[in-house]
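Quick note, the working numbering runs 1365 ahead of the 1-based positions in the sequence shown.
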Amino acid sequence: MTARIRLRRTAAGSEGGRMQLRALDPHGPEAGPWFAAFHAGSVAGRDHPTVAGADSTLTSLRTTESNAHLERRAYGAWDGDECLGGIIVNLPRMANSHTVEVELAVAPRHRRRGAGAALFEAAVALAGERGRRIVSTEVDVPLTDTLAEHAGGRFALARGFESKLTERRYLVGLPAPVVPAEPPAGYRPHTWTGPVPPATAADFAAMRTLMEQDVPIGDRDHEPATFAAAEVLRGDERFAAAGWGIVTTLLRAPDGTPAGYTRIFVNSDGRHAQQDDTFVLRAHRGRRLGAALKAANLAELAARFPGVGHLHSWTADGNAAMIATNRRFGFRPVESMHVMEAPVRPSPPA
């Protein structure tokens, strides 16, 4: 599927240059310079940030046609052969098909030239063409700043975005402190690395669906996704093919039914890992199963990916139980992540 909008628009840049917007061909020679600028903008001014690597990002863009859940498109702002910054436009194909999610980053030395504004306008044009009514983004703000004091926050607020959910990113250096956390008698952890085993896919899909229904969403215009076994298998295979390591622990209750799970994704750089879901069914809470899940998964992470030096986790401010669990493992807060939303408004004529 190719967007019909034309993005080879030029605009005056600083120092007499001419800025040009172009849709990215992730298979072409521009992919490398585009990612370098996008990455530079994504990590600037942050405390040990974690972002997807080049292989993972470009593979996801190259294989978007086969992704049943998400269409991903990317655009770049260029001055001649130099990329100033880029944007990834994520268009959900199933749940939340009324939304579009954008990831925008401009290399620090190219900011204040209008690249970010032009890229955002291109994303809004695509969203409008696809009939989307909500655009969302994530803004990472150091704990020393407010949203309004942060450059990314000001950019979003000026375009009508409102913060709908706030989470903090927590960071721990690895190896993490050893926390004794054995599950209660009768609970059995099952840990694996890589895609979910086919025999476990149905149970794992059911747990992910329940997690979607339970996770805090704040004031977001968001509908929980549902998962089937085949979708979970395909999704894990896509992540593995894009260079992500996956470490998962599923905990079974004494009667053999799933009681909870946790999952970590390892970046393709092999140095950073991201804590994904940690979920315990309500009927089994109060037994410190979250800590038992994390302890088992961290042990597997250390054994299988010894080069990982930092583990990142995101937790909503109101989730006191998970914040306490994370602190037991040595996590410290490093920044606030605001999930922001705005209505899709038509861009003004060029």
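From the three backbone atoms N, C-alpha and C, an ideal C-beta is built for every residue, glycine too.
If you keep only unbroken alpha helix (DSSP H) runs of at least 4 residues inside the segment 1490–1555, you get 1516–1523. By the neighbour-count criterion, in which 16 or more other beta carbons inside 10 Å mark a residue as buried, S1431 falls on the exposed side. Put simply, the segment 1445–1461 touches the segment 1584–1595. At least three CB pairs are less than 8 Å apart.
Three or more Cβ pairs closer than 8 Å define a contact, and the segment 1515–1524 falls short of that threshold against the segment 1604–1620. Residues A1656, A1657, A1660 of the same chain have their beta carbon placed closer than 6 Å to that of A1546, with the five preceding and five following residues left out of the count.
One alpha carbon belongs to V1597, the other to Y1626, and they sit about 14 Å apart. Beta-carbon to beta-carbon, A1388 and F1400 are separated by about 15 Å, too far to satisfy the 8 Å threshold. Shown here for Q1578: same chain residues with a beta carbon closer than 7 Å to its own, the five before and five after excluded, namely P1589 in chain order. Listed in chain order, the alpha helix (DSSP H) runs fully inside the segment 1569–1647 are 1594–1606, counting runs of at least 4 residues.
The residues S1501, T1502, E1503, V1504, A1521, F1526, E1527, S1528, K1529, in chain order, have a CB closer than 8 Å to that of M1705 in the same chain once the five nearest residues on each side in sequence are set aside.
Beta-bridge pairing by DSSP links T1680 to R1533. Here the alpha carbon of D1412 sits roughly 34 Å from the alpha carbon of R1497. In this model, L1616 and E1395 are separated by some 45 Å (Cα to Cα). Per the Cβ contact rule, the segment 1484–1499 is in contact with the segment 1443–1458 (3 or more Cβ pairs under 8 Å). Ranked by how close their Cα comes to the Cα of L1539, the residues M1702, F1694, D1446, D1642 have F1694 in first place. A direct Cα-to-Cα measurement between V1612 and Q1639 gives close to 10 Å. Look at S1462 here: in three-state DSSP terms it is coil, with no helix or strand label. Taken in chain order, the complete alpha helix (DSSP H) segments of 4 or more residues contained in the segment 1416–1484 are 1419–1427.
Secondary structure of P1562 (DSSP, three-state): coil. Counted as a single uninterrupted DSSP element, the stretch harbouring A1388 is not any alpha helix (DSSP H) but the beta strand (DSSP E) occupying residues 1383–1388. Setting aside the 5 residues that flank it on each side, H1637 is surrounded in the same chain by T1415, H1675, each with a C-beta closer than 6 Å to its C-beta; the list follows chain order.
Ranked by how close their Cα comes to the Cα of V1631, the residues A1487, R1474, W1609 have W1609 in first place. Beta-bridge partners assigned by DSSP to H1703: V1504, T1531.
Between the segment 1481–1489 and the segment 1680–1691, the count of Cβ pairs shorter than 8 Å is below three; the stretches do not touch. Residue state for P1414 is assigned as coil, using DSSP reduced to three classes.
Ranked by how close their Cα comes to the Cα of C1448, the residues R1533, V1709, G1481 have G1481 in first place. With 16 or more neighbouring CB atoms inside 10 Å of its own CB, H1475 falls in the buried class. In the DSSP assignment, A1657 falls within the alpha helix (DSSP H) that extends over 1654–1669. The C-beta distance from A1409 to P1473 rounds to 5 Å, short enough to meet the 8 Å contact threshold. Closest in C-alpha terms to P1542, from the list E1700, F1696, P1563, V1465, comes F1696.
Spatial neighbours of A1405 in its own chain (CB-CB distance under 7 Å, excluding positions within 5 residues in sequence) are listed in chain order as A1472, P1473. According to DSSP, residue pairing for R1697 in a beta bridge involves L1536.
Beta bridge pairing from DSSP links W1399 with no other residue.
Cα atoms of R1534 and G1583: separation of roughly 16 Å, rounded to the nearest angstrom.
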